[in-house]
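Residue numbers (this note's numbering), protein chains in the order written: chain U, 313 to 522; chain F, 313 to 522.
Every residue gets a Cβ at the ideal spot worked out from N, C-alpha and C, and that includes glycine.
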DNA sequence: TAGGCCTACATACTTTAGTATGGGGTTTTG
DNA sequence: CAAAACCCCATACTAAAGTATGTAGGCCTA
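The structure is reproduced here in structure tokens:
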């Protein structure tokens, strides 16, 4: 059995075999780390339980059982006060906000060089929060905050968009004027950071809003 | 300098730092492989040129300069008769078809375990074609349904629609005229039974085409 | 080789979508 | 209370999307 005394015990959960294999291999070469891996949330949770908590836990955002950041909450509860971070191939400000709100120790893009990852893990291990710089820039660029929540009307309009309806149809079915619909569509796009209705539907779907 | 005599010379081009780092590390532990890496297509092409060709080349599908499978063709020409394969995180039947049509030696999902990747590389090195089984299954399944009807071009345009691009943008990125894109969009809608581009994206997603 | 499909482009046109203003009115909240 | 956020509508405009037709070459196949 490997000696883990004094090492940072890292748990990585990811259903991408290649990434998992290769990440654990690289981090395993670090003298101060000991890596454990699982391929789904349940595996991660039971690993945390039986191990009595890991020093750092990385959870893939898209992973069997995760369901967005739902699994994150459960993992954080189990892992006591030790950091739990989100691992994702498609880092967005939305995922960042959600994750941090739920108490994640950071967000790790899979596009990050392996060496940087090792540094980020040590960073989180000492209680810091790690977030990629470019996402912070996006956050700053989006001026005010509150980008997350759509109003009630906007949600219903978004649903219509998600059915491929055009403005006039939406106006009819909601008993509103076309001008009003246009207004709502516009603010939906602004809030979602989309360029047009099609893009809005895409991003809404990606974020589980639809 | 490392001794490469007798080894399979592998070139991997990918702009995902983590994957690149960790892949080359794992494959480097294989006694019969020697790995070189680049982070964009231009780097890959010049590496191939100066090296006189690699035994196996892996190109990331989404990568600066690639533009779908356009870069694949150039790489194949440069690499003589040696295998060039596509590396992608989101393997789809569309990408498979396109790649094989252009003469790729295979399609390697990033979700593949690292050990399997090593095997796949050896497989391609001896002249075989590697494709993931599950994609072949998709192929069989889709053939039965009514939606395998989109032509190659239509599929690439559909992907662009799925990114919320507008006609002009698609035309630019595909080096086509806006009129041509409109034509493709129209026939996509007709084949999918959609009323407009947004609707087309929705139904395409629902049917797993995106 | 003729008919079919795919690809590509152009031109002209109509309809939708999106933007920019303006005007009202509610409810929520600091 | 007053600011902020929501909700509704209107007009007028620009940009984009969608429709319709015609031309044309390549490829495959019956």
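Could you give the distance in angstroms between the alpha-carbon of residue 481 of chain F and the alpha-carbon of residue 382 of chain F? 17 angstroms
What's the gap between the Cα of residue 364 of chain F and the Cα of residue 391 of chain F? 8 angstroms
Does the structure place the segment 504-516 of chain F close enough to the segment 469-477 of chain U that three or more beta carbon pairs sit under 8 angstroms? Counting Cβ pairs under 8 angstroms, three or more are found: they touch.
What do you get for residue 502 of chain U, buried or exposed, if any count of 16 or more other CB atoms within 10 angstroms of its CB means buried? exposed
Enclosing alpha helix (DSSP H) for residue 384 of chain U [first to last residue]: 382-390
Taking 6 angstroms as the limit between beta carbons, can you name the residues of its chain near residue 385 of chain U, skipping five residues before and five after? Correct list, in chain order: 414.
Please identify, using Cβ separations under 9 angstroms, the residues of the segment 421-435 of chain F that lie next to chain U, in order along the chain. 421, 422, 423, 424, 425, 426, 427, 428, 429
Find out if the Cβ-Cβ distance for the pair residue 469 of chain F, residue 437 of chain F is shorter than 8 angstroms. no
Would you give the residue range spanned by the beta strand (DSSP E) that residue 326 of chain U belongs to? Careful: residue 326 of chain U lies outside any beta strand (DSSP E) and carries neither H nor E.
Three-state class that DSSP yields for residue 347 of chain U in the structure shown: strand
Residue environment, residue 441 of chain U, which counts as buried when at least 16 other CB atoms sit within 10 Å: With fewer than 16 Cβ atoms within 10 Å of its Cβ, residue 441 of chain U is classed as exposed.
Given residue 352 of chain F, which residues of its chain have a CB within under 8 angstroms of its CB, disregarding the five upstream and five downstream residues? Excluding positions up to five away in sequence, the list reads 325, 327, 375, 376, 377.
Just tell me which of F:369, F:329, F:342 has its CA closest to the CA of residue 348 of chain F. F:369
What does residue 478 of chain U touch in chain F if you count any residue whose Cβ is under 8 angstroms from its own? Those are 507, 508, listed as they occur along chain F.
Round the Cβ separation of residue 394 of chain F and residue 366 of chain F to the nearest angstrom and send it over; I've been treating them as touching at under 8 angstroms. 6 angstroms
For residue 431 of chain F, count the other beta carbons within 10 Å of its own beta carbon; 16 or more makes it buried, fewer makes it exposed. Which is it? exposed
Whole-angstrom distance between residue 340 of chain U and residue 506 of chain F, CA atom to CA atom: 51 angstroms
Tell me whether residue 413 of chain F sits in a helix, a strand or coil according to DSSP, three-state version. Helix at residue 413 of chain F.
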